[in-house]
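Quick note on numbering: the UniProt record's numbering labels position 84 of the sequence shown as 84, and the sequence is numbered without any gaps.
All C-beta atoms in this analysis are idealised placements derived from N, C-alpha and C, irrespective of residue type, glycine included.
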Amino acid sequence: MLLKEDMAMRTTFDFSPLSRSSVGFDHLFELLDSANRMAPADNWPPYDIMRVGESQYRIAMSVAGFSLDELTITHEQQLLVVNGEKADEDNAEYLYRGIAARNFERRFQLADYVMVTGANLANGLLTIDLVRELPEQMKPRRIDIQQADALPAGGLSKQIEGDKHAA
């Protein structure tokens with residue numbers, strides 16, 4: 001007999017098999033789990049995320065109608081927050097309002113060692129440049145192999161001698 005709970009579609013992922021064979025990925029598993037639990041986000045303002053080099057990225061966000069004074073970008077540890085806050089509305093009477101002029105906050109989760117290198121606003125498009133720079137101690141390095149001294153006399157391969165029998 002099947003229960004209704006058994007037939008419900010599973011909406012979470014079980015990372016325990018990966019946890020058994022990996023070390024230090026706790027943050028990644030928590031990030032994936034929290035992203036899965038998030039409510040559907042507001043998709044305004046529209047944006048693109050592009051890879052423009054081996055370790056360079058760019059976020060392009062459509063912020064038509066916002067001036068430099070109405071936009072703020074904050075880079076915290078592994079989090080980039082872009083805020084847009086419109087100044088007080090004018091007293092015009094709109095017959096139709098098709099240009100969005102609402103406040104927004106857009107958050108981007110950043111990987112380790114991703115830094116913001118610059119931001120630019122031109123023609124209603126906000127571009128934010130990012131680069132992933134690994135610290136020198138995190139970069140792969142070659143390990144030299146030293147020549148070991150010769151094994152001491154009678155080294156590791158000792159032979160066990162038994163009684164010799166004549167055949």
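Can you tell which of Val63, Tyr57 and Glu133 has its C-alpha closest to the C-alpha of Ala122? Taking the first residue of the sequence shown as 1, we reach residue 122 at position 122. That would be Val63, whose Cα lies nearest to the Cα of Ala122.
With C-beta atoms as the reference, is Tyr47 less than 8 Å away from Arg106? If you number the sequence shown from 1, residue 47 lands on position 47. If you number the sequence shown from 1, residue 106 lands on position 106. Against a cut-off of 8 Å, the Cβ pair of Arg106 and Tyr47 comes out as a contact.
Among Arg102, Met115, Asp14 and Arg142, the one whose alpha carbon lies nearest that of Asn43: By 1-based counting over the sequence shown, the position of residue 43 is 43. Ranking Arg102, Met115, Asp14 and Arg142 by Cα distance to Asn43 puts Arg102 first.
So, do the segment 125-143 and the segment 54-69 have three or more beta carbon pairs nearer to each other than 8 Å? yes
Just mark Pro135 as buried or exposed, buried being the case when its beta carbon has 16 or more other beta carbons within 10 Å. Position 135 of the sequence shown, counting from 1, holds the residue named residue 135. Label assigned to Pro135: exposed.
Per DSSP, cross-strand counterpart(s) of Ile143: To locate residue 143, count along the sequence shown from 1; it is residue 143. According to DSSP, which records beta bridges pairwise, Ile143 is partnered with nothing at all.
Would you check if the distance between the CB atom of Asp112 and the CB atom of Gln147 is smaller than 8 Å? Residue mapping note: residue 112 aligns to position 112 of the sequence shown, counting from 1. Residue mapping note: residue 147 aligns to position 147 of the sequence shown, counting from 1. Not in contact: Asp112 and Gln147 (Cβ atoms no closer than 8 Å).
With DSSP run on the structure shown, which of helix, strand or coil describes Glu133? Reading the sequence shown from its first residue, position 133 is the one you call residue 133. In this structure, Glu133 counts as coil in the three-state DSSP scheme.
Please classify Pro45: is it buried, with 16 or more other beta-carbons within 10 angstroms of its beta-carbon, or exposed? Mapped onto the sequence shown, residue 45 falls at position 45. Answer is buried; the Cβ neighbour count reaches 16.
Determine the closest residue to Phe66 out of Glu54, Ala100 and Asp26, with distance taken between C-alpha atoms. In the sequence shown, counting from the first residue as 1, residue 66 sits at position 66. Taking only the C-alpha atoms, the option nearest Phe66 is Ala100.
Given that a residue counts as buried once 16 or more other Cβ atoms are within 10 Å of its Cβ, and exposed if not, what is Gly84? Start at 1 with the first residue of the sequence shown, and residue 84 comes out as number 84. Looking at its Cβ environment, which holds 16 or more other Cβ atoms inside 10 Å, Gly84 is buried.
Unbroken beta strand (DSSP E) run spanning Arg58, endpoints: Within the sequence shown, numbered from 1, the residue matching residue 58 stands at position 58. Per DSSP, Arg58 belongs to the beta strand (DSSP E) from Gln56 to Ser62.
Please confirm whether Ile73 and Ala119 have their CB atoms less than 8 Å apart. Within the sequence shown, numbered from 1, the residue matching residue 73 stands at position 73. Within the sequence shown, numbered from 1, the residue matching residue 119 stands at position 119. Yes; because the gap between Cβ atoms is below 8 Å, this pair is in contact.
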